[in-house]
Amino acid sequence: MSEPIPLAVVDASEADGDAVQALRRRIDQTLAELLPAPVDAHDLVAAAMQDGVLAPGKRLRPLLMLLVGQSLGGPGCALLHLACAVEMVHAASLFLDDMPCMDNARLRRGRLAVHARFGEDVAMLGAVALLSQASATVASAPGLDPSRQAQLVRVLCDAIGVNGLVRGQYRDLREGAAQRQASEVASANYQKTGALFAAALEMAAIASEAPQHTAGLLRQAASHIGHAFQLKDDLEDGEHLVAPLTKDRHQDAGKSTLVSLLGHEAVRVLLDDHVAQAEEAMRKALPRDTAALALVRKSLSSSRRVHPEETSAPKLRLL
1264 MSEPIPLAVV DASEADGDAV QALRRRIDQT LAELLPAPVD AHDLVAAAMQ
1314 DGVLAPGKRL RPLLMLLVGQ SLGGPGCALL HLACAVEMVH AASLFLDDMP
1364 CMDNARLRRG RLAVHARFGE DVAMLGAVAL LSQASATVAS APGLDPSRQA
1414 QLVRVLCDAI GVNGLVRGQY RDLREGAAQR QASEVASANY QKTGALFAAA
1464 LEMAAIASEA PQHTAGLLRQ AASHIGHAFQ LKDDLEDGEH LVAPLTKDRH
1514 QDAGKSTLVS LLGHEAVRVL LDDHVAQAEE AMRKALPRDT AALALVRKSL
1564 SSSRRVHPEE TSAPKLRLL
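Residue numbers for the sequence shown follow the working numbering, beginning at 1264 and rising by one.
See below:
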């Protein structure tokens, strides 16, 4: 096991620079250490876990968690393990999301989806194993007392369960083809995407022993981050991108998304509104932070801003 991560201060100007890239490398290194190694050439479940988790990804959830934890003065090694657990859960959700019985996608993170490469049975078993590994990682996070570890496990499990990722994915599958109100789509988006962002920032607050007021503001920020992330993903799903594809496009064809209900321009305005609200909550929670704010802005703001007079975008206020 490598030495505990030194969470050096990351300036806003370095939000996509050397310091954040160093954090990304530490995340990948620690993930590789925490994941089980295949015992032999026939151990496809462990091979699929490594292939799916260690494939190049944004790592937005663990990076945000580390930067927020850094700003709160949290224990670096514990935060790193917790961030890796969140990334394991995210990867497990992608294993399942890509399955033929769900979104039936074959491309993920620039390579064949896990089910397409290893088989549907291995993908399902690998997802279950990742969720188990994530819980074990949180329960044994170094430098935290057992009661705090148990609290963190509960937060992560709540984000996964019937009121979190599972419910959001179910609603997307069973309700997506039906006509829905914008508020219903936004609610499902939060469960499918926002719940894990909320868990990540709440876990950072718990590990750092942050005040309840700060934790509440971070939950608000995470909710807006989750909405923004899903809106940007929906926008990009229907766009023709020049860059090489990293996952299947046009997965939302026939679904009632906010893009299909409101149109691209209105959703761009709504996306930037969520980013602005996330930044406002984070400034209140972390008045001396710049790096996490910069990462949110760079990762989630719409690629082309629209002036307010160009559209009458509705404002969804779900918090």
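The beta-carbon is built from N, C-alpha and C at its ideal position, and this holds for glycine as well. A quick note: this is a predicted structure, and the numbers were derived from the prediction, not measured.
If you count every other CB in all the chains shown that lies within 10 Å of the CB of residue i, and 16 or more means buried, which is it?
i: residue 1483; result: buried
i: residue 1503; result: Bear in mind that the predicted position of residue 1503 carries a pLDDT of just 46, short of 50, making it unreliable; the figure below should be weighed with that in mind. Per the 10 Å Cβ criterion, exposed.
i: residue 1321; result: exposed
i: residue 1333; result: buried
i: residue 1526; result: exposed
i: residue 1396; result: buried
i: residue 1427; result: buried
i: residue 1561; result: exposed
i: residue 1340; result: buried
i: residue 1360; result: buried
i: residue 1305; result: exposed
i: residue 1454; result: buried
i: residue 1563; result: buried
Classify residue i as helix, strand or coil using the three-state DSSP reduction.
i: residue 1525; result: helix
i: residue 1298; result: coil
i: residue 1437; result: helix
i: residue 1551; result: coil
i: residue 1336; result: coil
i: residue 1546; result: helix
i: residue 1457; result: helix
i: residue 1364; result: coil
i: residue 1561; result: helix
i: residue 1409; result: helix
i: residue 1426; result: coil
i: residue 1442; result: coil
i: residue 1325; result: helix
Quick check: what's the CA-CA separation for residue i versus residue j?
i: residue 1505; j: residue 1337; result: Here residue 1505 scores only 41 on pLDDT, less than 50, and its place in the model should not be relied on; the value that follows carries that caveat. If you take the alpha carbons of residue 1505 and residue 1337, they lie about 40 Å apart.
i: residue 1434; j: residue 1451; result: 6 Å
i: residue 1532; j: residue 1538; result: 10 Å
i: residue 1223; j: residue 1310; result: There is simply no residue 1223 to check, as the chain begins at 1264 and stops at 1582 in what is shown.
i: residue 1303; j: residue 1476; result: 49 Å
i: residue 1352; j: residue 1521; result: 26 Å
i: residue 1411; j: residue 1314; result: 31 Å
i: residue 1386; j: residue 1362; result: 8 Å
i: residue 1284; j: residue 1291; result: 11 Å
i: residue 1444; j: residue 1530; result: 15 Å
i: residue 1591; j: residue 1358; result: The shown model of the chain, from 1264 to 1582, leaves out residue 1591, and the question about it has no answer.
i: residue 1519; j: residue 1535; result: 21 Å
i: residue 1523; j: residue 1331; result: 34 Å
i: residue 1551; j: residue 1545; result: 10 Å
i: residue 1408; j: residue 1370; result: 41 Å
i: residue 1367; j: residue 1488; result: 26 Å
i: residue 1422; j: residue 1344; result: 17 Å
i: residue 1438; j: residue 1478; result: 32 Å
i: residue 1548; j: residue 1459; result: 19 Å
i: residue 1493; j: residue 1429; result: 16 Å
i: residue 1466; j: residue 1350; result: 13 Å
i: residue 1346; j: residue 1373; result: 23 Å
i: residue 1490; j: residue 1456; result: 7 Å
Could you please give me the residues that DSSP links to residue i through a beta bridge?
i: residue 1371; result: 1374
Checklist line | At least three beta-carbon pairs within less than 8 Å, the stretch 1286–1301 to the stretch 1385–1400 | finding: Short answer: they touch.
Checklist line | Touching by the beta-carbon criterion (3+ pairs, under 8 Å), the stretch 1461–1476 and the stretch 1491–1499 | finding: Not touching, per the Cβ criterion.
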